[in-house]
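Going by my numbering, the first residue of the sequence shown is number 25, and it counts up by one from there.
Backbone N, C-alpha and C fix where the C-beta goes; we use that ideal spot for every residue, glycine too.
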Amino acid sequence: MCLLRKYFSHAYSNPVVICTICVQWCFYISSPDSSEGQQCPLAVGVETSSQSASDGETDCEVITVTIGATVPTGFENTAAEEVQEKIGADATISKDRGRIYFQITTDKLSQVHNLRSVDNLFVVVEEYDNYQFKDSKEETLEDLQKLASKLPWTNALKVWKLNTSLKKKRGPHRRPQGPKGKGRRGRNFRDRGKANKDVVETDTMETVTVEIEKLQLEPQAPTTGQGGGSPDLENSPLGEQQEVEGQEPGPKVLKFRVTCSRAGDKHSFSSNEAARDFGGAVQDFFQWKADMTKFDIEVLLNIHNVEVVIGIALTEESLHRRNITHFGPTTLRSTLCYGMLRLSKPQASDVILDPMCGTGAIPLEGAIEWQQAFYLAGDNNDMAVSRTVNNICHIQKKRLDKCSTPGLPIDTVQWDLCHLPMRTNSVDIIITDMPFGKRMGSRKKNWDLYPPCLREMARVSRPGSGKAVILTQDKKCFQKAISRMGGLWRKHHTVWVNVGGLHAGVFLLKRTAGIFGQTPEDVREPLEEQPGKEKTAEEREKEVQ
């Protein structure tokens, strides 16, 4: 009966929720399995007091679920390869670029969070490959409202609870589409206004100690405001628990929000309208409390043309926020750095160079994941070098705190990119992010910067085996500079990516066997650098030939 008192001690927004609780309690105790000490469905993966007294151990149910992951656009195949390599699951690439899906058993959930190529994770509630949208907006939104009560939420909520118990810390929330104005906590989803711009709030939360078995995850029957509830409970504020002496606190009412991501030009509704109506139906079904900022659970509604996927988020912030603490004006995401590194296929004892390291994001990611290679990070800007050193020290301190080997195979140098203090033919792989000409430099300066940079990279690279992975958005300038290299570089593969809304390319170059200093460009260049000296007829004839 203490469990019954625990349910009665809590009242939600509608006073006659007690009637719903009574019905659920009667259903549970009338179940033929309840007399045999079966675990309550609200405490999956968590040891309850009655269980510990009788069995002394937790009966964790292992189920198979579909996990969705957002990845850097263009590196979907790279992420799929990593999933196969580290988890042993075959990943499917979504029609919507930047997403992959794969099936796992819940005992491998912690391994999923260790993937280096994924940004965000979610568990799939249901997916529709060819969802039939109605012609009118009203009918479509009404269908989305009806959909909420038909979805198989059970397994997805079990995974969410297990994921919550695995998390050690709750990082800062990234909260897109938060409503403007005050009083947004506890508001009804159907009262939401227009979407606000992206808001990032840093919420320094302590170690998670939430009693997961007390979360209200089961759907609640709609209440009508009639019934014989207690006057004290009927007058209680929204979502507030009434503490009565001798009673245990009631189940915690979850705070949630719905985030809709929509792509396609044949929809009669907007993302905000879909999130509003679908979120209102979820609120009615579960009797959860809507909160756009300090939410416990985030329901995702992804719509891409006729493909619809409903999921529950498993990450509160992107997994790419793992290495960098000292940011620069153009810091790359760690997941994008991982994709570039994997494209180069580092081998043991390789010397890997980033001549324009910025904050050191690329060599840091490589030194953590491929520790058998050696990394050199350099830049001509002293502030960039200082940021790189600070980021390396941060990772080393974090590794030391975890009692792992603190040292990293990485060093930092300040240098002139066009005159690297390195021997010719001494580098195996060059990976760098070249200036786009947007936030750093300009398109005009790129025409003067790219050719000498690529020549110097060709000089230090090993002929025949050297590789370069270059990220740039100034594709025209890059292509022209490559054509002037006299055959020192050969373009092998290109991956088109989205970097901060810019359409950029990751170019994989292979170093040819050509000997630096003996190409036609090397012969002509000294004369071109002396505009006052006239060329002889023989020189002009040789140049034409």
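For T178, the enclosing alpha helix (DSSP H) has its first and last residue at 178-190. Using a 10 angstroms sphere on the CB of W520, the tally of other CB atoms stays under 16, which defines it as exposed.
Secondary structure at V282: strand, using DSSP grouped into helix, strand and coil. Counting every other CB atom within 10 Å of its CB across the protein chains shown gives H443 a total below 16, marking it as exposed. For G98, the secondary structure class from DSSP, reduced to helix, strand or coil, is coil.
A direct Cα-to-Cα measurement between F351 and M407 gives close to 11 Å. Remark: C-beta atoms of A299 and N329 do not approach each other more closely than 8 Å. Straight-line measurement puts the Cα of V333 at about 13 Å from the Cα of V282.
Spanning the alpha carbons of I392 and T354 requires a straight line of approximately 21 Å.
Taking C-beta separations shorter than 6 Å and ignoring five residues to either side along the sequence, the partners of V451 in its chain run V375, L377, V484, S485, following chain order. In the assembly as shown, I539 is an exposed residue. Its beta-carbon has fewer than 16 other beta-carbons within 10 Å. For Y155, there is no enclosing alpha helix (DSSP H), since its DSSP letter is neither H nor E.
Only residues of its own chain outside the window of five on either side were considered, and among them K313, D315, F319, D320 have a CB closer than 6 Å to the CB of K279, listed in chain order. Counted as a single uninterrupted DSSP element, the beta strand (DSSP E) harbouring L533 occupies residues 526-535. Contact between the region 486-503 and the region 467-477 is established, with three or more Cβ pairs separated by less than 8 Å.
Only exposed fits N404, as fewer than 16 other CB atoms lie within 10 angstroms of its CB.
Per the C-alpha coordinates, the member of P176, K276, R535 positioned closest to R514 is R535. In this structure, V530 sits near L495, with a CB-CB distance shorter than 8 Å. H418 is the residue among H418, G488, K369 whose C-alpha sits nearest the C-alpha of G384. Burial check for Q497: the Cβ neighbour count within 10 Å reaches 16 or more, so the residue is buried. Shortest Cα-Cα distance from T178 to any of R123, R346, T116, V89 involves V89.
Burial check for Q307: the Cβ neighbour count within 10 Å reaches 16 or more, so the residue is buried.
The C-alpha of G524 lies about 11 Å from the C-alpha of T97.
Within its own chain, the residues whose Cβ lies closer than 7 Å to the Cβ of G363, once the five positions on either side in sequence are excluded, are P96, F99, T102, S141, listed in chain order. Across the set L356, Q396, R366, F146, the C-alpha of F146 shows the shortest separation from the C-alpha of L324. Per DSSP, T496 is not a residue of any alpha helix (DSSP H); the beta strand (DSSP E) it occupies stretches across 491-496. In this structure, the beta-carbon distance from L139 to E106 falls below 8 Å. A contact is defined here as three or more CB-CB pairs under 8 Å, and the region 106-120 fails this definition with respect to the region 167-176. Residue ranges of uninterrupted alpha helix (DSSP H) with 4 or more members are absent from the region 318-363; none lies entirely inside it. In this structure, Q438 lies away from P430, with their beta-carbon atoms at least 8 Å apart. As for any alpha helix (DSSP H) of minimum length 4 sitting wholly inside the region 402-437, the runs are 406-425, ordered along the chain. For W394, no beta strand (DSSP E) segment is defined, and its DSSP state is neither H nor E.
Inclusion of P379 and I454 in the CB contact set at 8 Å is warranted, their separation being smaller than that value. Nearest Cα to H517 within the set S507, L526, H527, L533: L533.
Sixteen is the threshold: when 16 or more other Cβ atoms of the shown chains lie within 10 Å of the Cβ of N470, as they do, the residue is buried.
The residue among M509, G488, D457 with its C-alpha nearest the C-alpha of E480 is M509.
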